[in-house]
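Below is one structure, written out as structure tokens; the observations come after it.
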Amino acid sequence: MTITEIHQQLKRYQKERKKLFVTSSFQTHSIPLLHILKTSGVEIDVLFINTGFHFPETVAFKDEISKLLNLKVMDVRSQVPKSLQKDEEGHFYFASDADYCCYLNKIQPLEPYLMQYDVWINGVRAGQSMTRKKMKTEQKAPFHTLRFHPILDWTSKQIYEYRKQFNLPEHPLDQQGYVSIGCAPCTRKFDVNDERSARWFGQNKTECGLHKDLIK
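So the sequence shown is numbered by the working numbering: it starts at 28 and just counts up by one.
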């Protein structure tokens, strides 16, 4: 979708009195979408799923972008304390059961918001993984919520050019070789052959539960 088309769709949702929110991981490639949404003039709540396992640089970058774009960001956190997020051997689930860790820290905390809102906007792109390549611009989500993927067909080059055009900053870990940045225990430096291989290395997992379990 073009920027104009995205703005038009957002205004259609607004005209239909739909309540909108966007989730952002506050990576470098996340910032153009936040900028586009901000310039639309449509009221959209911004949620950051704070797992408690993020790099400190990500949290600091979130604060920087929030100030730059004048965003009021809501932190979404798990209600399950970290002391109860360990297996029988005392290991955190991110090491022994990454899917369950995603459930406790991402999926379950987001579900109440899906019950409250009509449209969930997120910045998945088809070029990021085979799972995302099969997605559509609009798809149903649980609790009668509609997922809207406005930059699904955008390339990394388009993201880069948009960021340069509007002088949008990059995540501080980019220069250290990180491109796909999630929770610190589940992220390693960028693999030139496969961006998503930087996540959950060595595990039978390639996709965040948000985009696997919360979509129909």
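For glycine and all other residues, C-beta sits at the position ideal for the given N, C-alpha and C.
Subject >> Outcome for L111 when other beta-carbon atoms lying within 10 angstroms are tallied against a minimum of 16 >> reply: What you label residue 111 is simply residue 84 of the sequence shown in a count that begins at 1. Looking at its Cβ environment, which holds fewer than 16 other Cβ atoms inside 10 Å, L111 is exposed.
**OP:** For R152, collect the residues of the same chain with a Cβ closer than 7 Å to its Cβ; drop the 5 residues on either side in sequence, then sort them by chain order.
**Re:** Taking the sequence shown and counting its residues from 1, the one referred to as residue 152 is at position 125. Here the set comprises R159, I178, L179, W181.
**OP:** Provide the residue(s) that pair with T172 in DSSP beta bridges, ordered along the chain.
**Re:** Taking the sequence shown and counting its residues from 1, one reaches residue 172 at position 145. DSSP lists A168 as partners of T172.
Subject >> Beta-carbon gap between I71 and L64 smaller than 7 Å >> reply: Along the sequence shown, one-based indexing puts residue 71 at 44. Along the sequence shown, one-based indexing puts residue 64 at 37. Closer than 7 Å, so yes.
Original post:
Identify the residues that DSSP records as bridge partners of T50: which are they?
Top reply: Within the sequence shown, numbered from 1, the residue matching residue 50 stands at position 23. DSSP, once it has assigned bridges, lists L74 as partnering T50.
Original post:
Fully enclosed by the stretch 62–147, which alpha helix (DSSP H) runs are 4 residues long or longer?
Top reply: 83–95, 120–123, 125–129, 135–143
Subject >> Unbroken alpha helix (DSSP H) run spanning Q18, endpoints >> reply: This structure cannot speak to residue 18, because the chain is shown only from 28 to 243.
**OP:** Please name the residue in L96, S183, S123 whose C-alpha comes closest to that of L61.
**Re:** Locating residue 61 in the sequence shown gives position 34, where the first residue counts as 1. Among L96, S183, S123, the Cα nearest to that of L61 is on L96.
Subject >> Rounded C-alpha distance that separates K163 from I242 >> reply: Within the sequence shown, numbered from 1, the residue matching residue 163 stands at position 136. Within the sequence shown, numbered from 1, the residue matching residue 242 stands at position 215. Approximately 11 Å, taken between the alpha carbons.
Original post:
Which residue's Cα is closest to the Cα of F119: Y144, N149, C210, E32?
Top reply: Mapped onto the sequence shown, residue 119 falls at position 92. Comparing Cα-Cα distances from F119 to each of Y144, N149, C210, E32, the minimum goes to C210.
Subject >> Alpha-carbon spacing of P136 relative to D102, whole angstroms >> reply: Locating residue 136 in the sequence shown gives position 109, counting from the first residue. Locating residue 102 in the sequence shown gives position 75, counting from the first residue. C-alpha separation (whole angstroms): 10 Å.
**OP:** Would you kindly work out how many angstroms separate the C-alpha atoms of H238 and H171, rounded to a whole number?
**Re:** Taking the sequence shown and counting its residues from 1, the one referred to as residue 238 is at position 211. Taking the sequence shown and counting its residues from 1, the one referred to as residue 171 is at position 144. Distance between the alpha carbons of H238 and H171: 16 Å.
Original post:
Of the residues S51, K42, S123, T78, which one's Cα is nearest the Cα of L131?
Top reply: Start at 1 with the first residue of the sequence shown, and residue 131 comes out as number 104. The residue with the shortest Cα to Cα distance from L131 is T78.
Original post:
Between the Cα of P196 and the Cα atoms of H176, Q36, L37, H56, which residue gives the shortest distance?
Top reply: One-based indexing of the sequence shown puts residue 196 at position 169. With distances taken between Cα atoms, P196 lies closest to H56.
**OP:** Taking S51 as the reference, give the member of I92, T66, Q35 with the closest Cα.
**Re:** Taking the first residue of the sequence shown as 1, we reach residue 51 at position 24. Here the closest residue by C-alpha is I92.
Subject >> Straight-line Cα distance separating V69 from I33 >> reply: For this step, residue 33 is matched to residue 6 along the sequence shown. For this step, residue 69 is matched to residue 42 along the sequence shown. Between I33 and V69, the C-alpha separation is close to 11 Å.
Subject >> Simplified DSSP state of R152, which is helix, strand or coil >> reply: The residue labelled residue 152 in the question sits at position 125 within the sequence shown. Coil at R152, not helix or strand.
**OP:** Using alpha carbons as the reference points, say which of K42, N149, F75 lies closest to S105.
**Re:** Within the sequence shown, numbered from 1, the residue matching residue 105 stands at position 78. Looking at the Cα atoms, F75 is the closest of the given residues.
Subject >> Residues of its chain near Y144, where Cβ-Cβ distance is below 7 Å and the 5 sequence neighbours each way are ignored >> reply: Stepping through the sequence shown from its first residue, residue 144 is reached at position 117. Excluding residues within five positions, the ones whose Cβ falls inside 7 Å are K46, L47, F48, T172.
Original post:
Within this structure, are the beta carbons of S236 and I134 separated by less than 7 Å?
Top reply: Working through the sequence shown from its first residue, we reach residue 236 at position 209. Working through the sequence shown from its first residue, we reach residue 134 at position 107. Before going on, a small fix: residue 236 reads as Gly here, not Ser. Contact: yes.
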